[in-house]
Amino acid sequence: MIKYSIRGENLEVTEAIRDYVVSKLEKIEKYFQAEQELDARVNLKVYREKNG
Numbered sequence: 001m002i003k004y005s006i007r008g009e010n011l012e013v014t015e016a017i018r019d020y021v022v023s024k025l026e027k028i029e030k031y032f033q034a035e036q037e038l039d040a041r042v043n044l045k046v047y048r049e050k051n052g
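Each residue of the sequence shown is one higher than the one before, counting from 1 in full-length UniProt numbering.
Structural data, given as structure tokens:
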């Protein structure tokens, strides 16, 4: 089972974004043994383009 933390920097983590990230994390679970505990930290960051 994966315990996860999703964090957004300069970005609001909406329910849709959270669902997308969780769906991707669930896909990698098959590569680990069932009794393993996994911690995943997901940091999402938006870089703003500097003009001028």
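In this text, a Cβ means the ideal position worked out from N, Cα and C, and glycines have one as well. This one's a predicted model, so the numbers in the text were calculated from it and none came from an experiment.
Return the Cβ separation of VAL46 and TYR4 in integer angstroms, given the expectation that the two are a contact with Cβ distance under 8 angstroms. Position 46 of the sequence shown, counted from the first residue, corresponds to residue 46. Position 4 of the sequence shown, counted from the first residue, corresponds to residue 4. No, VAL46 and TYR4 are not in contact; Cβ-Cβ is about 20 angstroms, not under 8 angstroms.
Extent of the continuous beta strand (DSSP E) to which LYS50 belongs: Counting from one through the sequence shown, the residue named residue 50 turns up at place 50. Neither: LYS50 is in no beta strand (DSSP E) and is coded neither H nor E.
Just the Cα atoms here: how many angstroms apart are ILE40 and LYS50? Counted from its first residue, the sequence shown places residue 40 at position 40. Counted from its first residue, the sequence shown places residue 50 at position 50. Before going on, a small fix: residue 40 reads as Ala here, not Ile. Their Cα atoms are separated by approximately 31 angstroms.
Which of the three DSSP states is assigned to GLU37 in this structure? Start at 1 with the first residue of the sequence shown, and residue 37 comes out as number 37. Three-state result, GLU37: coil.
CB-CB length for ARG18 against ILE6, believed under 8 angstroms: As a first step, residue 18 is located in the sequence shown; it is residue number 18 there, counting from the start. As a first step, residue 6 is located in the sequence shown; it is residue number 6 there, counting from the start. Right, their Cβ atoms sit about 6 angstroms apart.
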